[in-house]
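**Student:** Taking the numbering used here as reference, the numbering of the sequence shown is continuous, increasing by one, and the terminal residue is 295. My questions all concern the structure below.
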Amino acid sequence: MTDTPHLSFEQVTIFGNAKGEIQVPNQGIAITFNSTRRAEPNVINICNGPYAKSDKSFVVSNSPDDEWLEQQLDTVAKQIEPQIGCWPSTGLVTVILMSLLSKQVNVQRMALLPSLMRDEDMPKAQHLLCVVHNWLGERRIALGLVLINKHIQWPELFLSPLVTSEDNEKAQALDEQNLEIANPFELLHKISRKAETPAAMIYTFQISIFKQLAQMSDHIWLTMASTKALIQVEAIFAHEQAETQPSPWYLTDPKVNQYLDPIRHHLAYCQQLIAVASVQGK
């Protein structure tokens with residue numbers, strides 16, 4: 014980034030590609046991505062290079078200076094890439110850049126946690142487009158950004174627990190009676206990350222691990238969680254080379270599929286509470 018921004022915006026509203034209505038504000042600039050292009054004159058559209066069939070990392074249209082914004086987005090993306098181990102999503106890159114260029118940033122339709130649930134008729138060899146990004150790593154970066162920058166409003170970034178507080182209290186009581194509680198992070202490291210589906214007995218064991226992890230209470234996850242442990246398991250749910258290499262078996266396995274989103278939610282919720290506690294403790 015240049016020290017003196019070439020462009021600056023008073024107010025920016027960023028609309029992600031998740032579900033929800035897009036209501037373009039009358040004031041300020043709005044930003045959409047890829048196919049959610051809008052006709053309003055105050056809407057900038059940003060596409061990733063592959064989507065736009067371009068050799069550039071990003072393709073910007075309808076901004077005061079498309080080429081300059083493309084260059085700045087590319088610079089930010091290259092700065093983030095080493096922190097998360099793969100190329101970042103256009104949404105995160107845009108939020109970070111706009112946090113530097115704008116006085117007020119509102120983010121909608123974006124939680125940085127797209128579902129890994131596959132359609133039943135989806136061919137096993139076909140990968141979900143979202144698996145090429147490290148979403149847990151992106152949420153780690155995003156939480157750090159939002160929690161220390163009051164000019165960013167991003168309510169959908171913050172998750173609720175999967176279960177009610179009452180259910181969690183019951184689970185905690187049961188956990189405290191069990192002196193041999195499995196460490197979910199140790200279980201995650203036992204998962205085979207090869208492309209080939211494990212042999213029968215190992216496969217059954219691996220499925221049982223996923224099921225156990227998905228059904229664990231937030232209390233267990235939070236008890237065992239640390240920033241280091243969370244970072245070490247981020248890449249389990251991402252495969253940047255999915256376009257050219259087979260994905261780890263569990264990302265396309267129909268029996269595992271139902272467990273992936275709950276496990277990631279547990280991890281993201283732990284990540285969130287640790288991030289909030291860290292900021293409040295300063």
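Backbone N, C-alpha and C define an ideal beta-carbon position, used for all residues, glycine too. No experiment lies behind these values; they were computed from the predicted model shown.
For the structure I just gave you, are there three or more beta carbon pairs, one from the region 192–205 and one from the region 153–165, closer than 8 Å?
**Tutor:** The region 192–205 is not in contact with the region 153–165.
**Student:** Quick one: give me the first and last residue of the beta strand (DSSP E) that residue 260 is part of.
**Tutor:** Indexing the sequence shown from 1 puts residue 260 at position 247. Unbroken run through residue 260: none, as it is neither H nor E.
**Student:** From the DSSP secondary-structure annotation, give me the bridge partner or partners of residue 26.
**Tutor:** Walking along the sequence shown from the start, residue 26 turns up at place 13. Per DSSP, 43 and 119.
**Student:** Using a threshold of 8 Å, state whether the C-beta atoms of residue 86 and residue 105 are closer than that.
**Tutor:** Position 73 of the sequence shown, counting from 1, holds the residue named residue 86. Position 92 of the sequence shown, counting from 1, holds the residue named residue 105. Result no, Cβ atoms of residue 86 and residue 105 do not sit closer than 8 Å.
**Student:** Report the three-state DSSP secondary structure of residue 139 (helix, strand or coil).
**Tutor:** On the sequence shown, position 126 is the one that residue 139 refers to. Three-state DSSP puts residue 139 in coil, outside helix and strand.
**Student:** Could you tell me which of 265, 274 and 279 sits nearest to residue 135, measuring between CA atoms?
**Tutor:** Here residue 135 refers to the residue found at position 122 of the sequence shown. The option with the nearest alpha carbon to residue 135 is 265.
**Student:** From residue 277 to residue 195, what does the alpha carbon distance come to, in whole angstroms?
**Tutor:** By one-based count along the sequence shown, residue 277 stands at place 264. By one-based count along the sequence shown, residue 195 stands at place 182. Looking at the two C-alpha atoms, the distance is approximately 17 Å.
**Student:** Verify the CB distance criterion: does residue 213 have a CB-CB separation below 8 Å to chain B?
**Tutor:** In the displayed structure, chain B is absent; only one protein chain is listed.
**Student:** Since I believe residue 169 is in contact with residue 101 (beta carbons under 8 Å), could you give me their beta-carbon distance rounded to a whole number of angstroms?
**Tutor:** Looking up residue 101 in the sequence shown gives position 88. Looking up residue 169 in the sequence shown gives position 156. In fact, because the Cβ distance is near 18 Å, the residues do not count as touching under 8 Å.
**Student:** Which whole-angstrom value describes the C-beta separation of residue 29 and residue 122, a residue pair presumed to lie in contact below a C-beta threshold of 8 Å?
**Tutor:** Counting from 1 along the sequence shown, the entry for residue 29 is found at position 16. Counting from 1 along the sequence shown, the entry for residue 122 is found at position 109. Between residue 122 and residue 29 the Cβ distance is about 4 Å, and since that is below 8 Å, they are a contact.
**Student:** Kindly provide the ranges of any alpha helix (DSSP H) runs that are 4 or more residues long and lie completely inside the region 190–236, ordered along the chain.
**Tutor:** Whole alpha helix (DSSP H) segments, 4+ residues: 197–201 and 213–228.
**Student:** Just the Cα atoms here: how many angstroms apart are residue 166 and residue 21?
**Tutor:** Along the sequence shown, read from residue 1 onward, the residue named residue 166 stands at position 153. Along the sequence shown, read from residue 1 onward, the residue named residue 21 stands at position 8. Taking the straight line joining both Cα atoms gives about 18 Å.
**Student:** Identify whether residue 154 lies in helix, strand or coil by the three-state DSSP scheme.
**Tutor:** As a first step, residue 154 must be located in the sequence shown, where it is residue number 141. Residue 154: helix per DSSP, three-state reduction.
**Student:** Tell me, please, whether the region 216–231 touches the region 247–258 by the rule of three or more beta-carbon pairs shorter than 8 Å.
**Tutor:** No, the region 216–231 is not in contact with the region 247–258.
**Student:** Any idea what DSSP makes of residue 73, helix, strand or coil?
**Tutor:** Position 60 of the sequence shown holds residue 73. It is a strand residue.
**Student:** Just mark residue 229 as buried or exposed, buried being the case when its beta carbon has 16 or more other beta carbons within 10 Å.
**Tutor:** Your numbering for residue 229 matches position 216 in the sequence shown. Buried, since its Cβ has 16 or more Cβ neighbours within 10 Å.
**Student:** Contact check, residue 227 vs residue 272 under 8 Å by CB: the rounded distance?
**Tutor:** Taking the sequence shown and counting its residues from 1, the one referred to as residue 227 is at position 214. Taking the sequence shown and counting its residues from 1, the one referred to as residue 272 is at position 259. With 8 Å as the limit, residue 227 and residue 272 qualify as a contact, their Cβ atoms being about 4 Å apart.
**Student:** According to DSSP, simplified to helix, strand and coil, what is residue 84?
**Tutor:** Walking along the sequence shown from the start, residue 84 turns up at place 71. It is helical.
**Student:** Quick check on the DSSP output: the beta strand (DSSP E) that includes residue 60 runs from which residue to which?
**Tutor:** Your numbering for residue 60 matches position 47 in the sequence shown. Taken as a continuous stretch (DSSP letters only), the beta strand (DSSP E) holding residue 60 covers 56–61.
**Student:** Quick one, are the C-beta atoms of residue 172 and residue 231 less than 8 Å apart?
**Tutor:** Translated into positions along the sequence shown, residue 172 becomes position 159. Translated into positions along the sequence shown, residue 231 becomes position 218. In this structure, residue 231 does not lie closer than 8 Å to residue 172 by Cβ.
**Student:** With distances taken between CB atoms, is the gap from residue 56 to residue 43 smaller than 8 Å?
**Tutor:** Position 43 of the sequence shown, counting from 1, holds the residue named residue 56. Position 30 of the sequence shown, counting from 1, holds the residue named residue 43. Yes, the pair counts as a contact, with Cβ atoms nearer than the cut-off.
**Student:** Determine the extent of the alpha helix (DSSP H) in which residue 284 is found, giving its start and end residues.
**Tutor:** On the sequence shown, residue 284 is found 271 positions in, with the first residue counted as 1. It spans 270–293 - the alpha helix (DSSP H) in which residue 284 sits, taken as one unbroken run.
**Student:** How big is the Cα-Cα spacing for residue 212 and residue 235?
**Tutor:** In the sequence shown, counting from the first residue as 1, residue 212 sits at position 199. In the sequence shown, counting from the first residue as 1, residue 235 sits at position 222. The straight-line gap from Cα to Cα measures roughly 32 Å.
**Student:** Among the candidates 256, 224, 197 and 19, whose CA atom is the shortest distance from the CA of residue 77?
**Tutor:** As a position in the sequence shown, residue 77 is number 64, starting the count at 1. Residue 77 has its Cα closest to that of 19, out of 256, 224, 197 and 19.
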